[in-house]
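Protein sequences, first through last, are from chains A and B. So in my numbering, the last one in the first sequence is 414, and the numbering has no gaps at all. So in my numbering, the last one in the second sequence is 134, and the numbering has no gaps at all. These notes are about the structure you will find just below.
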Amino acid sequence: MFDAERIRRDFPILSTASHGKRFVYLDSAATSQKPKSVIDAIVDYYNTYNANINRGVYEISERATDAFIASKEKLAKFIGAHGIEETIYVRNATEALNLVALSWGERNIKSGDHILITEMEHHSNIVPWQMLAKRKGAVLDYVKLTHGMAYLDMEDLEAKLEKSPKLVSVTHVSNVLGTVNDVKRITKLAHECGATVLIDGAQSVPHMRVDVAAIGCDFMALSGHKMLAPTGIGALYGRRELLEAMEPVLGGGDMIRSVSMHGATWNDLPWKFEAGTSNIEGAIGLGAALDYLDGIGMDSVREHEQELTRYAMDRFSEINAVSVFGPPASDIENRSGVMAFAIKGVHPHDVATIFDREGIAIRAGHHCAMPLVTQLVTEKALSRMSFYIYNTKEDVDRVVDAVGVVKRIMRIKD
Amino acid sequence: MSENIYADELIDEYEHPHNKGSLSDADVHVHNDNPLCGDELTIYVKVGGGALKDVKFEGSGCVISMGTAGKLTESVKGKSLAEIEALGVPDIVTLIGIDPGPARLKCATLSLRTLKEAVFLYQHKAVDEATKRL
């Protein structure tokens with residue numbers, strides 16, 4: 001039985017007060033809060049076995065190495081990868097996407113080639129391809145949106161696949177619209193056209209069961225800090241054959257097998273891409289985060305967030321001044337717990353400031369998706385709340401009350 | 001942060017701003033935006049006898065940026081260019097009667113930065129460091 005109140009108690013920050021009120025955190029799409037078990041795992045590492053990995057022969061170094069590798073094994077299992085060779089640790093999803101651009105892209109994209117992304121991408125899945133396209137003289141195409149700007153236009157996708165793009169890079173879940181894209185179908189269609197497929201899993205892996213083998217994608221990027229782990233740890237999943245054929249981007253310690261005065265040979269996967277001392281505390285924190293999520297079960301996580309989203313959309317539908325972007329409540333199956341919304345006549349920053357004074361943390365701005373947000377609203381900014389395992393219906397009720405405060409202050413009549 | 005960040009006075013200014021519009025006979029105009037929050041502002045300046053004869057603004061944004069723009073443009077009419085050059089954050093805080101706090105300071109200073117840039121532009125002077133930091 002999913003018990004959000006019990007889960008709340010595992011997160012020390014959620015028992016703090018904000019502006020004298022019970023703190024309501026609704027910005028997990030930006031970064032999640034951390035349970036005590038994750039914080040304790042990091043503290044325990046520093047208190048009892050802090051050492052560098054993959055080299056020391058003494059006890060705590062072996063223990064640190066074991067914990068680091070255990071973290072990778074957990075992640076590989078969590079996303080359905082074959083093993084730790086396929087999970088490259090990086091700082092975050094942004095770095096994972098850039099790693100593909102700088103390594104795979106550098107070798108495989110040539111002048112005149114097409115790269116296909118979509119209009120609902122985060123800047124991290126736009127800018128690396130703009131940079132690569134500029135370096136190589138390649139063409140960057142965007143799949144359009146349809147049905148009230150809530151879904152990818154699959155007809156447009158198929159039309160653009162006819163140009164035989166070398167790479168298709170698509171977000172699994174939009175960080176603004178909350179749309180869950182059918183990445184399995186997109187991957188199948190893209191593969192039929194000979195494209196390599198990269199999925200941005202930053203907003204999906206923390207919130208639902210994601211299986212890279214079932215999707216069939218070639219690469220997937222994810223961030224640890226959005227799934228209960230600390231900042232500075234993320235991963236690139238890549239199919240082994242692809243990773244083996246790729247050149248490392250950073251040179252240094254750990255990534256080599258041997259070095260002479262004239263050259264070097266590369267280490268095995270995944271170490272080939274992990275030059276220098278790794279983020280050991282981050283990996284250990286991520287391992288503890290995966291344990292925590294496994295303890296709940298990702299199907300339960302998804303179910304809880306869908307219930308909250310349905311409830312929030314229901315309550316918002318009672319307020320004329322509020323409009324919600326993305327798929328409608330009737331299509332909750334294809335919607336995540338990310339909700340961008342607007343209050344008529346009120347700038348999102350004013351919404352966020354007034355919410356803050358009511359003890360509620362939400363995001364306002366362009367959400368690092370300017371090509372999308374500028375099409376959705378003339379203000380070029382939106383308010384966004386996003387749910388996670390520790391949110392409750394009471395949080396949604398607090399939001400509805402805060403909307404009332406906004407309307408009163410800003411003199412909005414329904 | 002002050003308790004009255006959304007005091008009636010600033011909301012009044014936001015709803016019925018002073019000096020909203022363009023100046024067809026402006027000597028200079030300067031446009032600025034804050035891409036992070038989407039605020040946009042253009043200030044039009046008419047100078048005569050070393051002082052601001054008229055000033056208007058166009059733009060869109062939050063209560064703090066737009067409310068401050070209305071109050072600022074109203075308060076600087078007739079002031080000498082040297083007086084405008086000397087304005088800083090404390091003057092804005094005094095003008096709007098609230099401390100917007102670090103997260104919203106850029107909203108409050110958008111109009112001052114734009115106005116000062118217009119005054120420097122009119123005099124063919126480089127924008128000073130204090131203005132760039134606003």
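From the three backbone atoms N, C-alpha and C, an ideal C-beta is built for every residue, glycine too. A quick note: this is a predicted structure, and the numbers were derived from the prediction, not measured.
Do you know how far the Cα of residue j is from the Cα of residue i?
| i | j | result |
| --- | --- | --- |
| Ala-26(B) | Glu-158(A) | 52 Å |
| Phe-11(A) | Leu-189(A) | 42 Å |
| Ala-7(B) | Glu-58(B) | 23 Å |
| Thr-265(A) | Gly-251(A) | 11 Å |
| His-262(A) | Glu-62(A) | 32 Å |
| Gly-80(A) | Leu-41(B) | 50 Å |
| Asn-32(B) | Met-149(A) | 29 Å |
| Ala-428(A) | Lys-34(A) | This structure cannot settle anything about residue 428(A), because the visible part of chain A is limited to 1 through 414. |
| Ser-336(A) | Gly-101(B) | 33 Å |
| Asp-421(A) | Lys-344(A) | Outside the displayed span of chain A (1 to 414) sits residue 421(A), for which this structure offers no information. |
| Ser-2(B) | Ser-18(A) | Caution applies to Ser-2(B), whose pLDDT of 45 falls short of 50 and renders its modelled position unreliable; the value that the coordinates give is listed next. Computed Cα separation, rounded: 15 Å. |
| Leu-105(B) | Thr-187(A) | 45 Å |
| Gly-88(B) | Phe-120(B) | 15 Å |
| Lys-144(A) | Arg-257(A) | 45 Å |
| Lys-21(A) | His-347(A) | 24 Å |
| Phe-2(A) | Tyr-46(A) | 33 Å |
| Arg-9(A) | Asp-128(B) | 52 Å |
| Ile-284(A) | Asp-291(A) | 11 Å |
| Leu-14(A) | Val-24(A) | 7 Å |
| Leu-26(A) | Met-66(B) | 27 Å |
| Ala-103(B) | Leu-115(B) | 21 Å |
| Lys-407(A) | Glu-394(A) | 20 Å |
| Asp-156(A) | Arg-357(A) | 44 Å |
| Ser-164(A) | Thr-196(A) | 10 Å |
Cβ atoms of residue j and residue i: under 9 Å apart, would you say?
| i | j | result |
| --- | --- | --- |
| Ile-354(A) | Asp-414(A) | no |
| Thr-374(A) | His-367(A) | no |
| Ala-342(A) | Val-377(A) | yes |
| Val-38(A) | Ala-235(A) | no |
| Gly-282(A) | Tyr-89(A) | yes |
| Thr-277(A) | Asn-92(A) | no |
| Phe-273(A) | Ser-103(A) | yes |
| Ala-416(A) | Asn-50(A) | This structure leaves residue 416(A) out entirely; chain A is present only between 1 and 414. |
| Leu-177(A) | Val-351(A) | no |
| Arg-240(A) | Phe-219(A) | no |
| Val-180(A) | Asn-125(A) | no |
| Glu-379(A) | Gly-38(B) | yes |
| Asp-200(A) | His-122(A) | yes |
| Ala-173(A) | Ser-204(A) | The question names Ala, yet the displayed sequence has Val at residue 173(A). Yes, the pair counts as a contact, with Cβ atoms nearer than the cut-off. |
| Leu-198(A) | Leu-269(A) | no |
| Leu-152(A) | Thr-146(A) | yes |
| Thr-191(B) | Ile-43(B) | A query on residue 191(B) cannot be resolved here, the shown segment of chain B reaching from 1 to 134 and no further. |
| Gly-50(B) | Ser-80(B) | yes |
| Leu-110(B) | Asn-34(B) | yes |
| Glu-446(A) | Leu-75(A) | Outside the displayed span of chain A (1 to 414) sits residue 446(A), for which this structure offers no information. |
From the DSSP output, which residues share a beta bridge with residue i?
| i | result |
| --- | --- |
| Ser-169(A) | Leu-198(A) |
| Arg-441(A) | This structure does not reach residue 441(A), given that chain A is present from 1 up to 414, and the question cannot be answered. |
| Asp-141(A) | Leu-116(A) |
| Gly-263(A) | In DSSP, Gly-263(A) forms no bridge with anything. |
| Asn-34(B) | Asp-39(B) |
| Val-324(A) | Phe-341(A) |
| Asp-54(B) | Lys-46(B) |
| Arg-363(A) | Arg-384(A) |
| Met-220(A) | Ile-199(A), Tyr-237(A) |
| Ser-60(B) | Glu-40(B) |
| Val-28(B) | Val-45(B) |
| Arg-133(B) | Partner(s): none; Arg-133(B) has no beta bridge. |
| Tyr-89(A) | Ala-235(A) |
| Arg-335(A) | Thr-179(A) |
Does chain D have any CB closer than 9 Å to the CB of residue i?
| i | result |
| --- | --- |
| His-349(A) | Here the protein chains are A and B, and chain D is not one of them. |
Query raised in the report: Looking at chain B, which residues of the stretch 366-390 of chain A have a Cβ within less than 7 Å of any of its Cβ atoms?
Result: His-366, Glu-379, Lys-380, Ala-381
Query raised in the report: Which residues, in chain order, does the stretch 60-90 of chain B contribute to contact with chain A at a C-beta distance below 7 Å?
Result: Near chain A, meaning a CB-to-CB distance below 7 Å, the residues of the stretch 60-90 of chain B are Ser-60, Gly-61, Cys-62, Val-63.
Report task. Report yes or no: do three or more beta-carbon pairs, one from the stretch 357-366 of chain A and one from the stretch 381-390 of chain A, lie closer than 8 Å? Result -> Proximity of the stretch 357-366 of chain A to the stretch 381-390 of chain A meets the contact definition, three or more beta-carbon pairs being nearer than 8 Å.
**Report entry** Interface residues of the stretch 29-50 of chain B facing chain A [CB-CB below 9 Å]
**Finding:** Sequence-ordered contacts of the stretch 29-50 of chain B with chain A read Asp-33, Pro-35, Leu-36, Cys-37, Gly-38, Asp-39, Glu-40 [C-beta pairs closer than 9 Å].
Report task. Assess, as a yes-or-no matter, whether the stretch 136-153 of chain A is touched by the stretch 81-88 of chain A under the definition of 3 or more beta carbon pairs within less than 8 Å. Result -> With a cut-off of 8 Å on Cβ pairs, the stretch 81-88 of chain A is not in contact with the stretch 136-153 of chain A, counting fewer than three such pairs.
Report task. Determine, using beta-carbon pairs with one atom in the stretch 46-60 of chain B and one in the stretch 90-105 of chain B, whether at least three such pairs fall under 8 Å. Result -> By the criterion of at least three beta-carbon pairs nearer than 8 Å, the stretch 46-60 of chain B is not in contact with the stretch 90-105 of chain B.
Query raised in the report: Is the stretch 69-78 of chain B touching the stretch 400-412 of chain A in the sense that three or more CB pairs, one from each, lie closer than 8 Å?
Result: no
Query raised in the report: Taking Cβ-Cβ distances below 8 Å as the criterion, which residues of the stretch 101-118 of chain B are in contact with chain A?
Result: Ala-103, Arg-104, Cys-107
Query raised in the report: Just checking, does the stretch 236-245 of chain A make contact with the stretch 13-25 of chain B on the three C-beta pairs under 8 Å criterion?
Result: With the rule of 3 Cβ pairs closer than 8 Å, the stretch 236-245 of chain A does not count as touching the stretch 13-25 of chain B.
Query raised in the report: Closer than 8 Å, Cβ to any Cβ of chain A: which residues of the stretch 3-14 of chain B, in chain order?
Result: Ile-5, Tyr-6, Ile-11
Report task. Please name the residues in the stretch 354-366 of chain A whose beta-carbon is closer than 9 Å to at least one beta-carbon of chain B, in chain order. Result -> Ile-354, Asp-356, Arg-357, Ala-364, Gly-365, His-366
Report task. Pull out every residue of the stretch 260-282 of chain A whose Cβ sits closer than 7 Å to any Cβ of chain B, in chain order. Result -> Here the close residues number zero.
Report task. Name, going along the chain, the residues of the stretch 87-120 of chain A whose beta-carbon falls closer than 8 Å to a beta-carbon of chain B. Result -> none
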